[in-house]
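Residue numbers (this note's numbering): 46 to 259. Here a beta-carbon is modelled for each residue, glycine too, at the ideal position from N, C-alpha and C. What follows is a set of notes on a single structure, which appears directly below.
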């Protein structure tokens, strides 16, 4: 516990995730529906991915985008739920500094990817309705693949600087995160230095994703 309360500015060995503030006593029971939903999500998405992969008639843009969404949901839920359940059931909220940055990277990257995939699915439906005769030529397999790669690359490029900036910061004293996972701004609040660059960059990323995808 002394490492969590050290006043020397440095990269902390670990953070402490609290779970859901104000519901510490209820977290044990809250974990059960979360666990059930996670199991259903994992099973359902895996079945969907296998079905799309094995059935050649489903190798169409709409189903390929659906497969991307299923994969994104798998990564996103797996990035958060296992650690969240260990907090709720066993009170094991300690997470290493690097592990926290890795979780932060995957959560925020695939949140941006999910938004991008939904935008691509809307684009697919737009072309299918407005240009039905040209739909297959506009959204060909290479184009769908390129869109998927572009959406993933966008998420990685947007979130990587967040992790890089945090990795170069010094942390001190209070190292408790009032969340169930490592959320960017919650971690930024624990930095001892000026964090205006982090806050401004996070705001610009949120605006860029919302503006482009919506």
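Contact set for residue 126: own chain, Cβ-Cβ below 6 Å, skip 5 residues either direction: Correct list, in chain order: 83.
Helix, strand or coil at residue 65 according to DSSP, with G and I counted as helix: coil
Sequence-distant residues of the same chain with beta carbon closer than 7 Å to residue 247, five excluded per side: 207, 229 and 230
Where the alpha helix (DSSP H) through residue 200 begins and ends: 186 to 212
Option nearest residue 215 by Cα separation, candidates 224, 227, 135 and 240: 240
Cβ pair residue 97, residue 108 closer than 8 Å: Cβ atoms of residue 97 and residue 108: closer than 8 Å.
Whole-angstrom distance between residue 111 and residue 172, CA atom to CA atom: 16 Å
Pairwise C-alpha distance: residue 161 and residue 205: 17 Å
Buried or exposed (CB count within 10 angstroms, at least 16 for buried), residue 257: exposed
For residue 244, the three-state DSSP class (helix, strand or coil): helix
Contact under 8 Å by Cβ, residue 61 with residue 222: yes
Proximity of residue 236 and residue 244 at Cβ, strictly below 8 Å: One thing to note: residue 236 has its Cβ no nearer than 8 Å to the Cβ of residue 244.
Residue environment, residue 133, which counts as buried when at least 16 other CB atoms sit within 10 Å: buried
Range covered by the beta strand (DSSP E) that runs through residue 141: 139 to 141
Cα-Cα separation, residue 209 to residue 250: 15 Å
Residues near residue 54 in its chain [Cβ-Cβ closer than 6 Å; skip 5 each side]: Here residue 54 scores only 48 on pLDDT, less than 50, and its place in the model is too uncertain to base an answer on.
Contact test: residue 167 Cβ vs the ligand HEM heavy atom, cutoff 7 Å: The ligand HEM is not part of this structure, which contains no ligands at all.
Own chain, CB closer than 7 Å to residue 117, minus 5 neighbours either side, in chain order: 155, 158, 159 and 162
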